[in-house]
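Here's the structure we're looking at; comments come further down.
In UniProt numbering, the protein residues as written are 1 to 309.
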């Protein structure tokens, strides 16, 4: 019998070399999985995962709010109800799902099944229109003019990112995406039916159950900053799973993509402030915010703490 000294193995492990070897293969993780990967490469093993998973129990009974947008543009009474629901979700959850959002289910399915230019153009235009409606509702939920958030540029930058999570042979050793908060103002997420997304709510990790035809909305750090904590940006993560692949498409509303707005200063909205509710954050521009978050690292604590007064 050969006795292996685990400490010696760990001290000799060269993470950079393994990562470079995977990169040189040009196969990527999908290629490794397609080739019959049976053991997770060491570079992806999270040594602290057990501790992270114990940070809060998962409560399968609790669900994030699901909001029906039907009638939002042609029924004033219904619009007021939707605004109340969105306000409540933004204050308590920072996440919600929307149905009857105006984007055809066929468009969502085609977008997930193949990110091609003609499909993505149509999907992007639809998401932009949805975003404009959501920013109106968020503004009204704050007691502001419906155009307030649009007028200060919150909807002027759109960034799309596709995620492909293959089935993981050892999901207990890693995460799909680590714990983080969203950076921008608003994220619209399209996901398939595999699931895995979890939201931290009241110190519990809550599964976001996929709903056919629904879109997930989550608030970003910059929206929490400009609303002076009236609306919140919360921690979320994606679990690795032994089924898949899981495909999701995130659309981020971030003004830094537009050069003219890159240096626009953002701080707590003055109309929301008073002697009883003084500003909690200093002003910053989007470029500086993202630079700090990049240096700090995405996973872990929110970058908002750095901008607290």
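Quick reminder that beta carbons are idealized off the backbone N, C-alpha and C, glycines included.
Source: prediction; values computed, not measured.
Name the one or two DSSP bridge partners that residue i has.
i, result
"residue 199", "206, 236"
"residue 66", "97"
"residue 250", "161, 189"
"residue 281", "308"
"residue 180", "236"
"residue 215", "98"
"residue 266", "284"
"residue 175", "239"
Should residue i and residue j be called a contact, given that it needs their Cβ atoms to be closer than 8 Å?
i, j, result
"residue 198", "residue 207", "yes"
"residue 185", "residue 253", "yes"
"residue 175", "residue 75", "no"
"residue 32", "residue 173", "no"
"residue 121", "residue 111", "no"
"residue 233", "residue 94", "yes"
"residue 200", "residue 235", "yes"
"residue 136", "residue 146", "yes"
"residue 165", "residue 246", "yes"
"residue 103", "residue 68", "no"
"residue 169", "residue 37", "yes"
"residue 211", "residue 66", "yes"
"residue 195", "residue 209", "yes"
"residue 158", "residue 107", "no"
Alpha carbon to alpha carbon, how far is residue i from residue j?
i, j, result
"residue 56", "residue 263", "In this prediction, residue 56 scores a pLDDT of 49, lower than 50, which makes its location untrustworthy; no coordinate-derived value is stated."
"residue 238", "residue 130", "24 Å"
"residue 139", "residue 287", "24 Å"
"residue 183", "residue 72", "27 Å"
"residue 143", "residue 21", "54 Å"
"residue 214", "residue 98", "6 Å"
"residue 303", "residue 223", "13 Å"
"residue 309", "residue 161", "32 Å"
"residue 70", "residue 134", "13 Å"
"residue 91", "residue 83", "12 Å"
"residue 203", "residue 276", "28 Å"
"residue 397", "residue 167", "Outside the shown range of the chain, which is 1 to 309, sits residue 397, and nothing can be said about it."
"residue 63", "residue 284", "34 Å"
"residue 219", "residue 231", "8 Å"
"residue 289", "residue 44", "28 Å"
"residue 273", "residue 61", "37 Å"
"residue 149", "residue 255", "12 Å"
"residue 16", "residue 42", "11 Å"
"residue 96", "residue 81", "15 Å"
"residue 109", "residue 85", "27 Å"
"residue 132", "residue 278", "28 Å"
"residue 191", "residue 113", "11 Å"
"residue 128", "residue 163", "20 Å"
"residue 179", "residue 205", "11 Å"
"residue 18", "residue 240", "20 Å"
"residue 14", "residue 282", "42 Å"
"residue 105", "residue 296", "38 Å"
"residue 25", "residue 243", "24 Å"
"residue 87", "residue 151", "20 Å"
On the criterion of 16 or more Cβ atoms from any shown chain inside 10 Å, does residue i qualify as buried, or is it exposed?
i, result
"residue 292", "exposed"
"residue 305", "exposed"
"residue 221", "buried"
"residue 217", "buried"
"residue 188", "buried"
"residue 35", "exposed"
"residue 89", "buried"
"residue 101", "buried"
"residue 7", "Caution is warranted here: a pLDDT of 42 is assigned to residue 7, below 50, making its placement in the model unreliable, and no coordinate value can be reported."
"residue 181", "buried"
"residue 251", "buried"
"residue 301", "exposed"
Mind checking if residue i is an interface residue toward chain D, Cβ cutoff 8 Å exclusive?
i, result
"residue 75", "Judged by its chain identifiers, the structure shown contains no chain D, having just a single protein chain."
**Message:** Under 8 Å, with one C-beta from each stretch per pair, do the segment 268-280 and the segment 224-239 reach the 3-pair mark?
**Reply:** Taking 8 Å as the limit for Cβ pairs, the verdict is that the segment 224-239 does touch the segment 268-280.
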